[in-house]
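Residues 1 to 328 (UniProt numbering) are what the sequence shown spells out, left to right.
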Amino acid sequence: MTTPSRYVRSKTAALITFPFSGGQPRKGVELGPEALLRAELPKQLEQLGWGVQLDRSIDWDSINNLLTSDADINSLKNPRSVSKASEELANAIEKHARAGELPITLGGDHSLGTGSMIGLNRVYPDVATIWVDAHADINTAKTTPSGNLHGCPVSFALGLDGSYVEPFKSWLPNPPIASPNRVVFIGLRDVDEGERKILKEQNIKVFSMHHIDKYGIGKVVEMALDYINNGTSRRDRPIHLSFDVDALDPSVAPSTGTPVRGGLSFREGHYICEAIHETGSVVGMDLVEVNPLLESEAAAQTIAVGCSLIRSTLGKLSRLISGETLLD
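As structure tokens, this is what we get:
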């Protein structure tokens, strides 16, 4: 059976748990990884023909101890614990990617994006990230209005001005991994003023909900893939999909810390995952910001959607069409 990526040698999904909420103030998101596992995500992937390896190697005792006394650095909240967690994630992702496996990070808050982008870049230097989110998460240490680092992972990974700061500079690459078409955003609808300026100055490609309404999700994904492949119809650039469930409308995924009305429908979110799978170039995925502490029925719905998005990225639809499985 083929893998979903020309770059992934083994049909093994490495599920890396990232039970961390230090990038933002609301508790509960650290419970997301275990909730996804209790929903039988590994079994669901095995039914799609995948081997599953569960990675709990990150030293959470050390990180959580650090979190209890992590003083602000200027405006940045929990910088030491976020940095350590991100660095360890980058190392874990690099290990699995070098082994020819597909690393899938189960968050946790989206501060993990720095680690996932850096880890994949170490193995796939040309990797592009498709960041599906209601928020741009590209504030720097200079522009962040809150100091919450789940709003900064893209700028830190790209080494934008104001983001090469302690304690991150001890392990972030210098020069950074930035390139003109390194990142494409899909689903934005709540962007800070400082982020708007950064996106414009850096000429970063953005497809907001307005673009999805105007062109339709199929055309938007096609344009995004054309862009990261240098304006061509080729689909061979390595792709990292970083999917925040708040990209979806709250009616679809209500159990998340920063819901914003007017988001992606169930089918639009899944189409993104299906289309990225079809490229044959997926090298990594994040699924973040599921908060099981919120109202139980909403949490169950959001957890189920999160599992479904991962299945779609790993080929659920292609197997359904081929008649190999009827997994719902």
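Just so it is clear, CB atoms sit at the ideal spot from N, CA and C, and this is done for glycine as well.
Note that the structure is a prediction, hence the values are computed from the model and not measured.
Cβ contact check for the region 283-291 and the region 99-113: 3 or more pairs under 8 Å
yes
Below 6 Å CB to CB, which residues in the same chain sit around L54 once its five sequence neighbours on both sides are set aside?
Reading the sequence shown from its first residue, position 54 is the one you call residue 54. Hits under 6 Å: L15.
Within the same chain, show all residues whose beta-carbon is closer than 8 Å to that of A35, passing over the 5 residues directly before and after it, in chain order.
Position 35 of the sequence shown, counted from the start, is the residue given in the question as residue 35. So the qualifying residues of the chain are V290, P292, A299 and I303.
Under a three-way DSSP split, which group does I198 fall into?
Against the sequence shown, residue 198 aligns to sequence position 198. Three-state result, I198: helix.
Closest residue to N230 among K197, S255, V183 and F207 (Cα-Cα distance):
Translated into positions along the sequence shown, residue 230 becomes position 230. It is V183.
Measuring CB to CB, does Q24 end up less than 8 Å from H135?
Looking up residue 24 in the sequence shown gives position 24. Looking up residue 135 in the sequence shown gives position 135. Against a cut-off of 8 Å, the Cβ pair of H135 and Q24 comes out as no contact.
With burial defined as no fewer than 16 other Cβ atoms inside 10 Å of the residue's Cβ, what is the status of N139: buried or exposed?
Residue 139 sits at position 139 when you count from the first residue of the sequence shown. Buried is the call here.
So, is K84 buried or exposed, given that buried needs 16 or more other C-beta atoms within 10 angstroms?
Here the question's residue 84 lines up with position 84 in the sequence shown. Result: buried.
Distance check for D192 and S57, CA to CA, integer angstroms please.
Here the question's residue 57 lines up with position 57 in the sequence shown. Here the question's residue 192 lines up with position 192 in the sequence shown. Roughly 35 Å separates the two Cα atoms.
Decide if the region 90-103 is in contact with the region 116-128; the criterion is three or more beta carbon pairs, one per stretch, under 8 Å apart.
The answer is yes - the region 116-128 touches the region 90-103, with three or more Cβ pairs under 8 Å.
Is H240 buried or exposed, if buried means 16 or more other CB atoms sit within 10 Å of its CB?
Taking the sequence shown and counting its residues from 1, the one referred to as residue 240 is at position 240. Buried, because 16 or more other Cβ atoms sit within 10 Å of the Cβ of H240.
Which same chain residues end up closer than 6 Å to V82 when comparing Cβ atoms and leaving out the 5 residues on each side of it in sequence?
By one-based count along the sequence shown, residue 82 stands at place 82. G22, G23, S111 and L149, listed in sequence order.
What residue from E46, P173 and D246 has the CA that sits closest to W131's CA?
Residue 131 sits at position 131 when you count from the first residue of the sequence shown. Checking every option, the nearest Cα to that of W131 belongs to D246.
For Q301, report the span of its alpha helix (DSSP H) as first-last.
Here the question's residue 301 lines up with position 301 in the sequence shown. Element bounds for Q301: S296 to T313.
So W171 is in the alpha helix (DSSP H); what residue range does that whole segment cover?
As a first step, residue 171 is located in the sequence shown; it is residue number 171 there, counting from the start. For W171, no alpha helix (DSSP H) run applies, since DSSP gives it neither H nor E.
Measure the C-alpha to C-alpha separation of V8 and V283 and round it to an integer number of angstroms.
Here residue 8 corresponds to residue number 8 of the sequence shown, with the count starting at 1. Here residue 283 corresponds to residue number 283 of the sequence shown, with the count starting at 1. Each residue's alpha carbon lies about 7 Å from the other.
Let me know the alpha helix (DSSP H) ranges lying completely inside the region 198-253, each 4 residues or longer, listed in chain order.
209-215 and 217-228
Note down, in chain order, each residue of its chain lying with its Cβ closer than 6 Å to the Cβ of A90, except the 5 sequence neighbours on either side.
As a first step, residue 90 must be located in the sequence shown, where it is residue number 90. Hits under 6 Å: G115, I118 and G119.
Tell me whether the beta-carbon of V165 lies closer than 8 Å to the beta-carbon of A128.
Mapped onto the sequence shown, residue 165 falls at position 165. Mapped onto the sequence shown, residue 128 falls at position 128. In this structure, V165 keeps its C-beta atom at 8 Å or more from the C-beta atom of A128.
Classify A71 as buried or exposed, calling it buried when 16 or more other Cβ atoms lie within 10 Å of its own Cβ.
Numbered from its first residue, the sequence shown carries residue 71 at position 71. When all chains shown are included, A71 counts as exposed.
Exposure of H210, with buried meaning 16 or more beta-carbon neighbours within 10 Å:
Position 210 of the sequence shown, counting from 1, holds the residue named residue 210. Answer is exposed; the Cβ neighbour count stays below 16.
Express the C-alpha separation of T256 and L248 in angstroms, rounding to a whole number.
On the sequence shown, residue 248 is found 248 positions in, with the first residue counted as 1. On the sequence shown, residue 256 is found 256 positions in, with the first residue counted as 1. If you take the alpha carbons of L248 and T256, they lie about 10 Å apart.
Following the continuous alpha helix (DSSP H) through G51, name the residue where it begins and the one where it ends.
As a working note, residue 51 is residue 51 in the sequence shown. Not the alpha helix (DSSP H): G51 falls in the beta strand (DSSP E), residues G51 to D55.
Please report the straight-line C-alpha distance between G216 and I73, rounded to a whole angstrom.
As a first step, residue 216 is located in the sequence shown; it is residue number 216 there, counting from the start. As a first step, residue 73 is located in the sequence shown; it is residue number 73 there, counting from the start. Rounded to the nearest angstrom, the two C-alpha atoms are 43 Å apart.
Can you tell me where the beta strand (DSSP E) holding L106 begins and where it ends?
Counted from its first residue, the sequence shown places residue 106 at position 106. Unbroken beta strand (DSSP E) run through L106: L102 to G107.
Closer than 8 Å by C-beta to P42: which residues in its own chain qualify, once you throw out the five before and the five after it? Chain order, please.
For the purposes of this step, residue 42 is identified with residue 42 of the sequence shown, where counting begins at 1. Spatial neighbours of P42 in its own chain (CB-CB distance under 8 Å, excluding positions within 5 residues in sequence) are listed in chain order as L15, V52 and L54.
DSSP beta-bridge partners of D286
Locating residue 286 in the sequence shown gives position 286, counting from the first residue. Answer is T105 and S242, bridged to D286.
Enumerate, from N- to C-terminal direction, the unbroken beta strand (DSSP E) stretches of 3 or more residues contained entirely within the region 70-152.
102-107 and 128-132
Chain-order list of residues whose beta-carbon lies under 6 Å from that of S86 (same chain, five-residue window excluded)
As a working mapping, residue 86 is identified with position 86 in the sequence shown. Once the five neighbours on either side are set aside, the close Cβ partners of S86 are T114 and G115.
Identity of the residue in R261, P254, S265 and G269 nearest E297 by Cα:
Counting from 1 along the sequence shown, the entry for residue 297 is found at position 297. The shortest Cα separation from E297 among R261, P254, S265 and G269 belongs to P254.
For the alpha helix (DSSP H) containing I186, list its first residue and its last residue.
For the purposes of this step, residue 186 is taken as the residue at position 186 of the sequence shown. Unbroken run through I186 is the beta strand (DSSP E), V183 to L188; no alpha helix (DSSP H).
Going by Cα to Cα distance, which pick from Y124, E40 and D244 is closest to L188?
Your numbering for residue 188 matches position 188 in the sequence shown. Measuring from the Cα of L188, the nearest candidate turns out to be D244.
Does L48 come out as helix, strand or coil in the three-state DSSP assignment?
Translated into the one-based positions of the sequence shown, residue 48 becomes position 48. If DSSP states are grouped into helix, strand and coil, L48 belongs with coil.
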